[in-house]
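So in the UniProt record's numbering, the last one in the sequence shown is 248, and the numbering has no gaps at all. Beneath this line is the structure, given in structure tokens, with notes to follow.
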Amino acid sequence: MFMHNGGIGCWKQIKRRLAMDVDERWFNVVGGSTDSEWAFALFLDCLDRSGVSPDKDVEAGVGFGHTVLRKALLATIERINGFIRDVVGSAGVGEEEGRSLLNFAVTDGVSVVCSRYVSSRTDEAASLFFSSGTSWRELQGNGSGVEGAEADDDAERERDYVMERRDKGSDIVLVASEPLTFERDNWVTVPTNSTLTISKQTVMIHPIVDEFYSRNPSHERSANFAQQKGQTVTGSDKRVLGGEVAVA
């Protein structure tokens, strides 16, 4: 399963290059013309080039492995940047027309790897959060967080949930472009230009180290680009600043 939230920069200019660069097997799986479909074909090609056969069934309960998935996802991002670089040059990759918002999510049925990425050193990527714990429980009441509160119209009231944690394991992990509950402390922000890996009750975050990565923890980025593209972005307090909701 594969998901893409965002957009590939210079898409009209690089689409033919991308299509010509993937193996015929993955070229033929694309049924439309969207950048997300071709990004998936490119991801399959990256898996194939790494020695994994995406079109063959993997052993039940084993999958390809989160390391293989993460490396293929990073290779997909790297190749997209390369196609854009071929069109606009190295200096143009981070310019407005060459910038890509690449929030991907992929799973082999066992592990999940997500990316929060923008091909820019000065812009924020579309937001991404996760919440993990041992149970996802509905609060009883009218969504106010007070259990036992009466609702005037139970059928129309907005339900509220909370993530509970009883031990260190992550039995449940939710990933979304913005917090889904009012319990903001339940949600962790995935940093811009990072991957989120979920495997065997463990959640890991790794930086994507390329030309758009900054080792400075106080490096500031602007949310304007993502907002202009209709993406959800958030402030440091996890308050939504604008854009549309896109759940991963």
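For each residue, glycine too, the CB sits at the ideal point set by N, CA and C.
Item	Value
Those residues which DSSP pairs with cysteine 114 across a bridge	Ala105, Leu196
Segment contact, 8 Å Cβ cut-off, at least three pairs: the stretch 173-193 with the stretch 123-134	yes
Burial state of tyrosine 117 (16 or more Cβ within 10 Å)	buried
Nearest-angstrom Cβ-Cβ length linking serine 115 and asparagine 103, presumed shorter than 8 Å	6 Å
C-beta contact flag for serine 100 and isoleucine 8 at 8 Å	yes
Three-state secondary structure assigned by DSSP to methionine 1	coil
Which residues DSSP lists as bridging glutamate 164, in chain order	Ser135
Cβ pair isoleucine 84, isoleucine 14 closer than 8 Å	yes
The ligand NAP heavy atom lying under 7 Å from the CB of isoleucine 8	The ligand NAP is absent from the structure shown, which contains no ligands of any kind.
Short Cβ contact (8 Å threshold) for alanine 125 with asparagine 193	yes
Check whether threonine 34 and valine 113 have beta carbons under 8 Å apart	no
Contacts around proline 54, its chain only, beta-carbon distance under 7 Å, and the 5 residues preceding and following it disregarded	Leu44, Leu47, Asp48
Any chain D beta carbon closer than 8 Å to lysine 168	Note that chain D does not occur in the displayed structure, where there is just one protein chain.
Cβ pair alanine 41, valine 22 closer than 8 Å	yes
Endpoints, alpha helix (DSSP H) assigned at alanine 226	224-228
Pair within 8 Å by beta-carbon distance, serine 199 and isoleucine 172	no
Residues of its chain near glutamate 164, where Cβ-Cβ distance is below 7 Å and the 5 sequence neighbours each way are ignored	Gly133, Thr134, Ser135, Arg137
Proximal residues to valine 190 (C-beta, below 6 Å), its chain only, five neighbours per side dropped	Arg116, Leu128, Leu196
Lysine 12 to glutamate 37 span [Cα, whole Å]	14 Å
Under the three-state DSSP convention, the category leucine 69 falls into	helix
Cα-Cα separation, glutamate 147 to glutamine 228	Low local confidence applies: a pLDDT of 47 at glutamate 147 is under 50, so the model's placement there is unreliable, with the coordinate-based value given in what follows. Those two C-alpha atoms are separated by around 40 Å.
Best match in His66, Asp108, Trp26, Gly31 for proximity to lysine 2 [C-alpha to C-alpha]	Per the sequence shown, the amino acid found at residue 2 is phenylalanine instead of lysine. The candidate whose alpha carbon is nearest that of phenylalanine 2 is Asp108.
Beta bridge counterpart(s) of glycine 7 as assigned by DSSP	Leu101
Identity of the residue in Glu220, Val203, Cys10 nearest asparagine 81 by Cα	Cys10
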